[in-house]
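Structure first, then comments.
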Amino acid sequence: MDVFQLLFATLIFPGLVFLTALSFLTQYLVRKLSARMQRRMGPKYVGPVGILQPVYDFLKLLRAKELLKTRYSMIRAAEISLLLGLSSLVASMLLLPLNVYSVGSPYDFLIFFYMASIWPIIMIIIASLSMPGPYTSVGVSRLLSILTVSEPAFFTGLLVPVALASFDTNAPLMISATAVRVVNLWMNPLTLPIMILVTISLIVAVQSKLMLPPFNIPEAEQEIIAGYETEFSGPLLALAILLHDMDTVVSALAIVYLVLGGPAPFSHASIEGVLLVILKYFLVITVATYVKNVFGRYRIDQALVLLLKYGLMPAVIAGVLGSIYLYL
Amino acid sequence: MTHSYSLNDPLVTTILVFTSMSVSFLVLLIIYQSLKSRVVRETKIYLSGEPEEVVREASPSVGNLYWGFIKKFARSIFNTLINKVQTGSIHEWFSFISSWLGILILLAVLMSILYLLAR
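Heads up: the protein sequence lines correspond to chains A and L, in order.
Just so you know, we're using UniProt numbering here: the first sequence kicks off at 1 and counts up by one.
Just so you know, we're using UniProt numbering here: the second sequence kicks off at 1 and counts up by one.
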């Protein structure tokens with residue numbers, strides 16, 4: 001991979017430009033689907049069928065709104081943290097099979113998880129603590145409590161199919177190898193129950209990781225204002241919202257490729273393959289939006305117990321079953 | 001199934017990904033600085049009746065973490081600690097501690113015997 005290819009992958013496709021555009025489109029989809037489920041119209045006026053509303057909202061927050069601060073605010077630290085979170089998500093896109101210039105290697109799943117899941121959440125916490133307030137403190141505490149269960153659940157849920165699909169290859173824990181072979185796990189009656197458990201676990205883990213209802217207790221609206229993002233305003237709020245949307249996109253794409261097999265049984269280069277990836281992505285976003293709209297918010301103790309029962313436990317059981325399958 | 005993949009060194013992949021992150025951070029910083037609103041307004045801090053220590057420390061409150069995690073989530077651990085260890089009676093504390101220490105000593109003896117037999 002030469003410098004030009006690295007710059008193209010980082011800045012254009014599947015990096016900055018593509019990820020930003022897909023983030024806005026995903027935000028539009030979530031808002032429109034939520035509105036339809038609640039018998040509202042949703043975004044309608046900016047662009048054709050309101051598709052440019054998220055772009056307009058972002059630019060308005062970034063360019064027109066003022067940034068409010070107190071004497072304890074550390075604006076520069078918050079800005080840099082959020083930008084680092086965004087850039088880690090952009091870099092993680094290089095490891096997905098969407099990238100035309102493959103940079104994959106054995107064990108790249110671990111690098112991907114580090115960039116796509118650990119960095120962004122740590123950066124959100126640092127940014128939030130840089131703009132302190134009483135509600136911010138409560139929100140971050142709740143976020144940390146949720147993370148103790150949601151991150152292990154998300155990691156285990158993704159690790160099991162990756163380990164099973166790439167176990168007997170010369171590329172262990174490699175994302176590209178997994179994306180090609182994971183569809184076989186759905187066809188095998190011995191591994192099908194494992195994949196079902198993993199899917200249940202990931203549906204729950206993604207809701208909590210993205211702080212969507214019923215796990216939106218860290219930013220519990222009306223109760224603690226906006227929790228960890230209460231003190232964000234203007235350009236900082238624009239960055240925080242974009243970071244959340246990019247996190248949604250990367251998490252959904254991880255599930256599409258590592259659990260649902262991406263374009264398999266077709267290839268990326270075919271129209272059927274591209275359509276299948278789009279369809280699977282839309283399916284993941286629709287399920288997340290449906291769960292978001294069907295459930296009310298849980299208290300922190302309820303949320304943690306349910307995350308443990310329906311997020312972490314299925315993933316752990318799938319891991320144990322997967323180990324038995326591999327070694328017997 | 002025609003998607004091909006190259007087998008790079010994990011270290012090379014890590015370096016490439018972090019280079020990509022650095023490049024995108026610089027580009028994002030330039031775009032953000034050139035586009036962002038320059039209007040900043042300082043307001044009086046609103047603390048909802050809380051003391052100023054809430055915002056002075058750059059870390060979340062230990063009390064909130066304790067309340068959120070131990071007392072709410074790990075309620076069974078909390079109840080066990082309250083009901084069996086911190087009952088206020090030294091006899092109950094002693095029986096709790098001695099039973100656990102007894103198990104540990106038994107385990108240690110058992111492991112020593114196994115080790116000696118295995119040799």
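Note that beta-carbon positions come from the ideal geometry of N, C-alpha and C, so glycine has one too.
TODO: Output the boundary residues of the beta strand (DSSP E) element that contains A/Lys69.
DONE: Looking up residue 69 of chain A in the first sequence gives position 69. Looking at the DSSP string, the run of the beta strand (DSSP E) that includes A/Lys69 is 67 to 69.
Problem set entry | A/Glu219 - containing alpha helix (DSSP H), residue span | Stepping through the first sequence from its first residue, residue 219 of chain A is reached at position 219. Careful: A/Glu219 lies outside any alpha helix (DSSP H) and carries neither H nor E.
Check: Does DSSP classify L/Arg119 as helix, strand or coil?
Finding: As a first step, residue 119 of chain L is located in the second sequence; it is residue number 119 there, counting from the start. Reduced to three states, the DSSP call for L/Arg119 is coil.
Looking at the structure shown, is L/Arg38 part of a helix, part of a strand, or coil, going by DSSP?
Numbered from 1 along the second sequence, position 38 holds the residue referred to as residue 38 of chain L. L/Arg38: coil per DSSP, three-state reduction.
task: Less than 8 Å between the CB atoms is what I'm expecting for A/Leu68 and A/Met246, so what's the real figure, rounded?
output: The residue labelled residue 68 of chain A in the question sits at position 68 within the first sequence. The residue labelled residue 246 of chain A in the question sits at position 246 within the first sequence. In fact, because the Cβ distance is near 24 Å, the residues do not count as touching under 8 Å.
Can we say the segment 279 to 294 of chain A touches the segment 254 to 264 of chain A, given the rule of at least three CB pairs closer than 8 Å? yes
Restricting to Cα atoms, I'd like to know which of A/Ile217, A/Ile75, A/Thr199, A/Leu202 is closest to A/Val138. Looking up residue 138 of chain A in the first sequence gives position 138. With distances taken between Cα atoms, A/Val138 lies closest to A/Ile217.
| query | Taking the Cβ atom as the reference point for each residue, do A/Met1 and A/Tyr114 lie within a distance shorter than 8 Å? | reply | The count along the first sequence starts at 1 and reaches residue 1 of chain A at position 1. The count along the first sequence starts at 1 and reaches residue 114 of chain A at position 114. No, these two residues do not count as a Cβ contact at 8 Å.
| request: Report yes or no: do three or more beta-carbon pairs, one from the segment 150 to 168 of chain A and one from the segment 223 to 241 of chain A, lie closer than 8 Å? | output: no
Practice item. For the alpha helix (DSSP H) containing A/Met195, list its first residue and its last residue. Key: For the purposes of this step, residue 195 of chain A is taken as residue 195 along the first sequence, with counting starting at 1. First-last of the alpha helix (DSSP H) with A/Met195: 192 to 209.
As a quick exercise: from L/Thr19, L/Val17, L/Val27, pick the residue whose alpha carbon is nearest that of A/Leu16.
Sequence index remark: in the first sequence, residue 16 of chain A carries index 16 (1-based). Nearest of L/Thr19, L/Val17, L/Val27 to A/Leu16, Cα basis: L/Val27.
**Item:** L/Met111 at chain A interface by Cβ criterion, 8 Å
**Value:** For this step, residue 111 of chain L is matched to residue 111 along the second sequence. Judged by the 8 Å Cβ criterion, L/Met111 is not in contact with chain A.
**Asked** Would A/Gly157 be called buried (16 or more neighbouring beta carbons within 10 Å of its own) or exposed?
**Response** Start at 1 with the first residue of the first sequence, and residue 157 of chain A comes out as number 157. A/Gly157 comes out buried.
- Task: Below 7 Å CB to CB, which residues in the same chain sit around A/Phe295 once its five sequence neighbours on both sides are set aside?
- Result: On the first sequence, position 295 is the one that residue 295 of chain A refers to. Correct list, in chain order: Pro213, Pro214.
Contact criterion: CB-CB distance below 8 Å. Does L/Leu81 meet it with respect to chain A?
Counted from its first residue, the second sequence places residue 81 of chain L at position 81. So no, L/Leu81 is outside the interface.
Check whether A/Ser204 and A/Leu307 have beta carbons under 8 Å apart: For the purposes of this step, residue 204 of chain A is identified with residue 204 of the first sequence, where counting begins at 1. For the purposes of this step, residue 307 of chain A is identified with residue 307 of the first sequence, where counting begins at 1. Just to set this straight, residue 204 of chain A is Val in the shown sequence, not Ser. In contact: A/Val204 and A/Leu307 (Cβ atoms closer than 8 Å).
Exercise for review: Use the C-beta contact count for L/Asp9: other C-beta atoms within 10 angstroms, 16 or more gives buried, fewer gives exposed.
Suggested key: Your numbering for residue 9 of chain L matches position 9 in the second sequence. That one is exposed.
TODO: Please state whether DSSP places A/Gln27 in a helix, a strand or coil.
DONE: Working through the first sequence from its first residue, we reach residue 27 of chain A at position 27. Here A/Gln27 sits in helix by DSSP.
Coil, strand or helix - L/Met1 by DSSP: Taking the first residue of the second sequence as 1, we reach residue 1 of chain L at position 1. Caution is warranted here: a pLDDT of 40 is assigned to L/Met1, below 50, making its placement in the model unreliable, and the coordinate value is therefore given only provisionally. Looking at L/Met1 - three-state DSSP - the assignment turns out to be coil, as it is neither helix nor strand.
Item checked: Helix, strand or coil at A/Lys309 according to DSSP, with G and I counted as helix -> By 1-based counting over the first sequence, the position of residue 309 of chain A is 309. Helix.
By the DSSP assignment, the alpha helix (DSSP H) with A/His244 in it spans what residues? Here residue 244 of chain A is taken as the residue at index 244 of the first sequence, counted from 1. Counting along the chain, the alpha helix (DSSP H) containing A/His244 begins and ends at 234 to 258.
**Prompt:** Can the beta-carbon of A/Ser105 be found closer than 8 Å to that of L/Val17?
**Reply:** As a first step, residue 105 of chain A must be located in the first sequence, where it is residue number 105. As a first step, residue 17 of chain L must be located in the second sequence, where it is residue number 17. No, the pair does not count as a contact, with Cβ atoms beyond the cut-off.
Using DSSP with H/G/I as helix, E/B as strand and the rest coil, what is A/Ser92?
Residue 92 of chain A sits at position 92 when you count from the first residue of the first sequence. Looking at A/Ser92 - three-state DSSP - the assignment turns out to be helix.
Could you check whether the segment 43 to 51 of chain A touches the segment 84 to 96 of chain A, counting it as contact only if at least three pairs of C-beta atoms, one from each stretch, sit closer than 8 Å?
no
### Task
Output, in sequence order along the chain, the residues in the segment 22 to 53 of chain L whose CB is closer than 7 Å to any CB in chain A.
Val23, Ser24, Phe25, Val27, Leu28, Leu29, Tyr32, Leu35, Lys36, Ser37, Val39, Val40, Arg41, Glu42, Thr43, Ile45, Leu47, Ser48, Glu50
* Asked: If you run the structure through DSSP and keep just helix, strand and coil, what is L/Phe96?
  -> Residue 96 of chain L sits at position 96 when you count from the first residue of the second sequence. Here L/Phe96 sits in helix by DSSP.
(message) In whole angstroms, give me the CA-to-CA distance for L/Tyr5 and A/Ala177.
(response) One-based indexing of the second sequence puts residue 5 of chain L at position 5. One-based indexing of the first sequence puts residue 177 of chain A at position 177. Its pLDDT being 49, under 50, L/Tyr5 is placed unreliably in this model, and the coordinates cannot settle the point.
**Prompt:** Over what stretch of residues does the alpha helix (DSSP H) that includes A/Tyr135 continue unbroken?
**Reply:** Translated into the one-based positions of the first sequence, residue 135 of chain A becomes position 135. Counting along the chain, the alpha helix (DSSP H) containing A/Tyr135 begins and ends at 134 to 166.
- prompt: Whose C-beta lies closer than 6 Å to the C-beta of A/Ser208 among residues of the same chain, with five residues either side of it excluded?
  reply: In the first sequence, counting from the first residue as 1, residue 208 of chain A sits at position 208. Answer for A/Ser208: Ile146, Ser150, Phe215, Leu307, listed in chain order.
For L/Ala74, the nearest candidate out of A/Tyr28, A/Leu304, A/Ala78, A/Ala238 (CA to CA):
Walking along the second sequence from the start, residue 74 of chain L turns up at place 74. For L/Ala74, the nearest C-alpha among the options comes from A/Leu304.
- Which class does A/Arg299 belong to by DSSP, given the choice of helix, strand or coil? Translated into positions along the first sequence, residue 299 of chain A becomes position 299. DSSP places A/Arg299 in coil when its eight states are reduced to three.
My assumption, with CB atoms under 8 Å, is that A/Leu82 sits in contact with A/Leu243. Please give the rounded CB distance. Residue mapping note: residue 82 of chain A aligns to position 82 of the first sequence, counting from 1. Residue mapping note: residue 243 of chain A aligns to position 243 of the first sequence, counting from 1. 6 Å between Cβ atoms; contact.
Can you find the residues in the same chain that come closer than 7 Å, C-beta to C-beta, to A/Ile285, ignoring five residues on each side of it along the sequence?
Position 285 of the first sequence holds residue 285 of chain A. Excluding positions up to five away in sequence, the list reads Thr26, Leu29, Val30, Ala252.
Worksheet entry | Nearest neighbour of A/Asp57, chosen from A/Val103, A/Ala238, A/Val160 [CA to CA] | Start at 1 with the first residue of the first sequence, and residue 57 of chain A comes out as number 57. Comparing Cα-Cα distances from A/Asp57 to each of A/Val103, A/Ala238, A/Val160, the minimum goes to A/Ala238.
*CA nearest to the CA of A/Pro134, picked from L/Glu52, L/Glu42, L/Ser20*: The residue given as residue 134 of chain A occupies position 134 in the first sequence. The candidate whose alpha carbon is nearest that of A/Pro134 is L/Glu52.
So which residues of chain L does A/Ser166 contact, with C-beta pairs closer than 8 Å? Within the first sequence, the letter at position 166 stands for residue 166 of chain A. Result: empty, since nearest Cβ-Cβ is about 11 Å, beyond 8 Å.
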